[in-house]
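Residue numbers (my numbering): 1 to 751.
This is the structure:
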């Protein structure tokens, strides 16, 4: 008698925990790069596209979405540099950072990021350009200098101002009105030579020149013999230079092109004779038969003042020009006719200004806007954090993950991330180890340890309470925490955990029982989760009914080579491979992920992948394997006459795939592999194949098998370009045979 068994519900997804023939009929032994449809079918996962316009040329290790005034932009870390991307996919570097992942938070539309060493603030000016500045000084002194520059009168038509910030006004030469271009003073280069480590070795000399290709022409020599201090060496150099200057025939000095402006201690200041940037060659030499090391070390710094040229008579024009220039090491703020320069490092030197031909009157007011020793010490601790959360009840920013004290929880003053006292730290619990996660839920701040969670509830530090939550699993990676439907989900050592919001809110519902804490992976993908080798590098994201968990299963690996995807509607898993993601974020309703040299996103209209390294197109490798079906009868063998395959395809091109049937988990004698089968043809094993007349989206194919087996499974893999397929189901036409279970004679019951 002919029987028919059809399997068209695969919503159970991937299962690597149970034995191959013990998993449910709607589960799969392999489900790689596929999507589980709610009605039971299986489709290919979406392909990927590039977000960046140009090849990035580096490993993107972190990215996040920043919404500023309803405008979304992507910030990302590439090779320890922080970048921002505009709507056209072009990128601009903001700063170098000390980590490949950053903590970040927003306070009153201001974005702050921390790299475990420093805290940075991201701001946007009127031209919508983003600047990054150190949020708080970090040197050893207790104050940082601020100077308020105020212009008191209008300026002369077609004037010029020279401003030098950070090295002191005395370092800048007086304006030379006799040496001008179109009546304006020229811009010159200053070279500061600092003698740092003298000794008494001899003989030797310094030679100075401007033409390295002709080392013996146009040089000035300064001889150094048996000197014992930096000042002595500087004195000899100054003496020799002045000697050349006084000569009537002065070809050597003229060739150098620099005047020795002055000497201060062990520093000598050379000023170029002509406008523009000039480099002076400085080299140590020896001039004896058996020379010894000269033993004099020096440093050279090229100093160029900011040269502001304007055309107009209004103070506002001058102020605009100054604000448009960058002064390394300083930030600027403008108020009316004043500009305040604030040094980014405590103890930074003063600013200098030369009005040149401007005829402008100005004042400079010194302001000490530093912080107390306690605040500086507290901020240093806070800035080393890698996890941050803004607590909306108290308006404080909490930080954790300081590698020097990973058990501490730091907090700022309300809405002041740069105001953290040295005593502003909490220790929610003493015996749970390091803080591993930090997140906000409703009005509570949640703090995770390896095996527990605590909730901070209240509006004031002194009156708030700590409550241990009824969650027996701790978070192992802060980057895996996500708000999911009616739950909070995170990775633990026991698996992927989803906690009911009632647990976090301390609302206990009797009907929920023990289902308030779910181990999503316990009876599904326990084997896969056990293979995670670097828990603290794993990361996750919830996006459109799916939770994406990326990790590596390679010993010592940092790059995530696997994405485990949990479908919240079907409550089942699949695996994504071939992507090598580094971090997820949502941007303009797209799920982005960083990878090598590119930022990619999933697109339902794409059926191929962008290669993570090269940016070229590559096929998506798809692999399916069902359980070993007993066809409704685990006792008898079945003679399978025909195997049926039901599919939907979205393109008229021929589609080829590798299709395999396996009987009884065994040998090639029972395995039917159809290599690169053209799915356009009738699949009739062992008979002439024929094409269906006309094109059809729905493919129903039948394979003649004529083999016996007790258990049967189906395998499918494909890596063709742009060949989307949906599997509706499979079917077996078979006849029952005698049982394969041997009959034994026990106790003489059988004759």
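Cβ atoms here follow ideal geometry from the backbone N, Cα and C, with glycine treated the same way.
- Counting the other CB atoms within 10 Å of its CB gives residue 409 a total of 16 or more, which places it among the buried residues.
- Closest in alpha carbon position to residue 717, among 659, 634 and 527, is 659.
- Following the DSSP letters along the chain, one finds residue 594 inside the beta strand (DSSP E) bounded by residues 590 to 595.
- 8 angstroms or more divides the Cβ of residue 599 from the Cβ of residue 642.
- Separation of the CB atoms of residue 61 and residue 87 is rounded to 23 angstroms, and the pair is thereby denied contact status at 8 angstroms.
- The stretch 35 to 42 makes contact with the stretch 9 to 21; the number of CB pairs closer than 8 angstroms reaches 3 or more.
- Residue 501 sits in a helix when the DSSP states are folded into three classes.
- DSSP, reduced to helix, strand and coil, places residue 535 within a helical segment of the structure shown.
- Comparing alpha carbon positions, the residue from 441, 436, 266 and 465 closest to residue 473 is 436.
- Taking C-beta atoms as the reference points, residue 26 and residue 44 fail to come closer than 8 angstroms.
- The residue from 724, 731, 94 and 615 with its alpha-carbon nearest to that of residue 81 is 94.
- Between the stretch 260 to 270 and the stretch 229 to 246 there are three or more C-beta pairs closer than 8 angstroms, enough to call the two in contact.
- In terms of Cβ geometry, residue 715 and residue 605 do not form a close pair [threshold 8 angstroms].
- Contact between residue 150 and residue 362 holds: CB atoms are separated by about 6 angstroms, below the 8 angstroms threshold.
- According to the DSSP secondary-structure assignment, residue 579 is paired through a beta bridge with no residue.
- Contact annotation, residue 734 with residue 647: C-beta distance approximately 21 angstroms; criterion of less than 8 angstroms not satisfied.
- Looking at the DSSP output, residue 708 bridges to 639.
- Of the residues 566, 583 and 729, the one whose Cα lies closest to the Cα of residue 15 is 566.
- According to DSSP, residue 49 shares a beta bridge with 601.
- Under the DSSP definition of a beta bridge, residue 59 partners with 596.
- In the same chain as residue 532, and ignoring 5 residues on each side of it, the C-beta atoms closer than 7 angstroms to its own belong to 538, 551 and 553, in chain order.
- Leaving aside the five residues that flank residue 227 on each side, the residues in its chain whose CB is nearer than 6 angstroms to its CB run, in chain order, 198 and 233.
- Less than 8 angstroms divides the Cβ of residue 490 from the Cβ of residue 475.
- Across the set 545, 113, 53 and 59, the C-alpha of 113 shows the shortest separation from the C-alpha of residue 66.
- Note that the C-beta distance between residue 590 and residue 72 is not below 8 angstroms.
- Inclusion of residue 726 and residue 31 in the CB contact set at 8 angstroms is not warranted, their separation being larger than that value.
- Bounds of the alpha helix (DSSP H) holding residue 241 are 230 to 246.
- In the structure shown, the three-state DSSP call for residue 320 is helix.
- With contacts defined by Cβ atoms closer than 8 angstroms, residue 438 and residue 478 form a contacting pair.
- Each of 28, 321 and 738 was checked against the Cα of residue 629, and the nearest Cα belongs to 28.
- One Cα belongs to residue 84, the other to residue 240, and the distance between them is close to 52 angstroms.
- Between residue 386 and residue 272, the C-beta gap is not smaller than 8 angstroms, which leaves the two residues out of contact.
- Looking from the CA of residue 583, the closest CA among 22, 36, 75 and 55 belongs to 75.
- Distance from the CA of residue 415 to the CA of residue 405, rounded to the nearest whole angstrom, comes to 24 angstroms.
- At a cut-off of 3 residues, the continuous stretches assigned as beta strand (DSSP E) that sit fully inside the stretch 424 to 508 are 437 to 441, 444 to 449, 452 to 457, 465 to 468, 482 to 484, 487 to 492 and 495 to 500.
- The beta carbons of residue 664 and residue 732 sit no closer together than 8 angstroms.
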